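As structure tokens, the structure follows; a few thoughts come after it.
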Amino acid sequence: MTQSATPTHPAPRPHVSFGQALKNWRKYMFRFSGRASRSEFWWVMLVWFIISLVLSIIALVAVVPTFNHLQQLQEAASTSLDAYNEYRQASNELGPALAGKTLIFALIIGVFGIVQFVTMLGLWWRRLQDANFHGAFYLLSFAGPGAIVPLIMAILLSNPAGVRFDKPEDATRP
5 MTQSATPTHP
15 APRPHVSFGQ
25 ALKNWRKYMF
35 RFSGRASRSE
45 FWWVMLVWFI
55 ISLVLSIIAL
65 VAVVPTFNHL
75 QQLQEAASTS
85 LDAYNEYRQA
95 SNELGPALAG
105 KTLIFALIIG
115 VFGIVQFVTM
125 LGLWWRRLQD
135 ANFHGAFYLL
145 SFAGPGAIVP
155 LIMAILLSNP
165 AGVRFDKPED
175 ATRP
């Protein structure tokens with residue numbers, strides 16, 4: 005008796021714990037065959053959300069106080085010549101620092117976005133396949149209002165018919 009590549013009674017991908025989701029994501033990061041369960045997908049999305057939140061808070065803490073200080077000086081500059089001179093001096097001193105901080109954080113966020121996209125592409129692809137949609141539907145994310153479509157598809161329940169996207173080695177993975 006030979007074992008077929010697809011089971012006769014396909015089952016949806018099993019739910020996984022937080023730790024197993026991160027292990028699967030790291031191990032199968034660049035794999036587009038197979039499927040990813042909803043729990044596997046959303047645990048990794050939670051990690052990326054937290055990382056994004058932390059980076060945003062760090063950027064705000066580093067940039068906003070300098071910006072607010074310059075804005076207050078600018079508002080006061082219309083009241084007197086001394087206030088205007090203080091604003092000009094602060095602008096000359098703090099302006100380049102503010103621009104530098106903003107540029108650094110823009111680069112960090114840009115690199116972070118590229119890393120996130122590259123490492124999440126396979127997971128998105130497999131998650132859509134688990135819902136029995138071809139992973140290429142993820143490309144709708146770049147189509148303006150169509151970007152909501154892959155998100156809705158990722159929210160849907162697992163569909164056992166998604167087994168059609170599995171290769172034989174995908175049947176035994178956790």
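Take 5 as the starting number for the sequence shown in our numbering and just add one per residue.
Glycine residues also receive a C-beta, built at the ideal position from the N, C-alpha and C atoms.
Keep in mind it's a predicted model, so treat the numbers as computed, not measured.
Alpha carbon to alpha carbon, how far is TYR91 from PRO154? Give it in angstroms, no decimals.
Indexing the sequence shown from 1 puts residue 154 at position 150. Indexing the sequence shown from 1 puts residue 91 at position 87. PRO154 and TYR91: Cα-Cα distance of roughly 49 Å.
Output yes or no for whether 7 Å exceeds the beta carbon distance between LEU160 and ALA140.
As a first step, residue 160 is located in the sequence shown; it is residue number 156 there, counting from the start. As a first step, residue 140 is located in the sequence shown; it is residue number 136 there, counting from the start. One thing to note: LEU160 has its Cβ no nearer than 7 Å to the Cβ of ALA140.
Please return the same chain residues whose Cβ sits closer than 6 Å to the Cβ of ASN163, not counting the five positions on each side in sequence.
The residue you call residue 163 lines up with position 159 of the sequence shown. These residues qualify, in order along the chain: ALA135, ASN136.
Enumerate, from N- to C-terminal direction, the unbroken alpha helix (DSSP H) stretches of 4 or more residues contained entirely within the region 66-149.
With a minimum length of 4 residues, the unbroken runs of alpha helix (DSSP H) contained wholly in the region 66-149 fall at 85-134.
Grab me the residues of ALA32's own chain with a C-beta within less than 6 Å of its C-beta, minus the 5 sequence neighbours each way, in chain order.
Locating residue 32 in the sequence shown gives position 28, where the first residue counts as 1. This sequence places Tyr at residue 32; Ala is not what is there. Cβ neighbours of TYR32 beyond the five flanking positions: none.
Helix, strand or coil at GLY38 according to DSSP, with G and I counted as helix
One-based indexing of the sequence shown puts residue 38 at position 34. GLY38 sits in coil when the DSSP states are folded into three classes, being neither helix nor strand.
Specify the secondary structure class of PRO172 as computed by DSSP and reduced to three states.
Taking the sequence shown and counting its residues from 1, one reaches residue 172 at position 168. Under the three-state reduction of DSSP output, PRO172 falls in the helix class.
Take GLY166 and list the residues in its own chain whose beta-carbon comes closer than 6 Å to its own, dropping the five residues that flank it on each side.
Counting from one through the sequence shown, the residue named residue 166 turns up at place 162. If we look at GLY166 and ignore the five residues flanking it on each side, its Cβ neighbours are ARG39, GLN133, ASP134, ASN136.
Nearest CA to the CA of LEU59: which residue from TYR142, HIS19, ARG17, PHE109?
Locating residue 59 in the sequence shown gives position 55, counting from the first residue. Selected option, being the one with the closest Cα: PHE109.
Between the CA atoms of LEU127 and PRO178 - distance to the nearest angstrom
Sequence index remark: in the sequence shown, residue 178 carries index 174 (1-based). Sequence index remark: in the sequence shown, residue 127 carries index 123 (1-based). Taking the Cα positions, PRO178 is about 14 Å away from LEU127.
Residue burial classification, ASN28 (beta-carbon count within 10 angstroms, cutoff 16):
Start at 1 with the first residue of the sequence shown, and residue 28 comes out as number 24. Buried, since its Cβ has 16 or more Cβ neighbours within 10 Å.
Rounding to the nearest angstrom, what Cα-Cα distance links ARG30 and PRO149 in this structure?
Taking the first residue of the sequence shown as 1, we reach residue 30 at position 26. Taking the first residue of the sequence shown as 1, we reach residue 149 at position 145. Each residue's Cα considered, the two are about 30 Å apart.
Between the C-alpha atoms of LEU111 and VAL51, what's the straight-line distance to the nearest angstrom?
Within the sequence shown, residue 111 is the residue found at index 107, counting from 1. Within the sequence shown, residue 51 is the residue found at index 47, counting from 1. Linking LEU111 to VAL51 through their CA atoms gives a straight-line distance of about 21 Å.
Who are the Cβ neighbours of THR6 in its own chain at under 7 Å, not counting the five residues just before and after it?
Here residue 6 refers to the residue found at position 2 of the sequence shown. Only weak support exists for where THR6 lies, its pLDDT of 47 falling under 50; the value from the coordinates is given anyway. Residues of the same chain with a CB within less than 7 Å of the CB of THR6, apart from the 5 flanking positions on each side, do not exist.
ASN28, enclosing alpha helix (DSSP H) - first and last residue:
On the sequence shown, position 24 is the one that residue 28 refers to. First-last of the alpha helix (DSSP H) with ASN28: 22-31.
Quick check: what's the CA-CA separation for PHE116 versus LEU85?
Reading the sequence shown from its first residue, position 112 is the one you call residue 116. Reading the sequence shown from its first residue, position 81 is the one you call residue 85. In this structure, the straight-line span from the alpha carbon of PHE116 to that of LEU85 is close to 44 Å.
Quick one: what's got a C-beta closer than 6 Å to PRO16's C-beta in the same chain, skipping five residues either side?
Taking the first residue of the sequence shown as position 1, residue 16 is located at position 12. These residues qualify, in order along the chain: SER162, PRO164.
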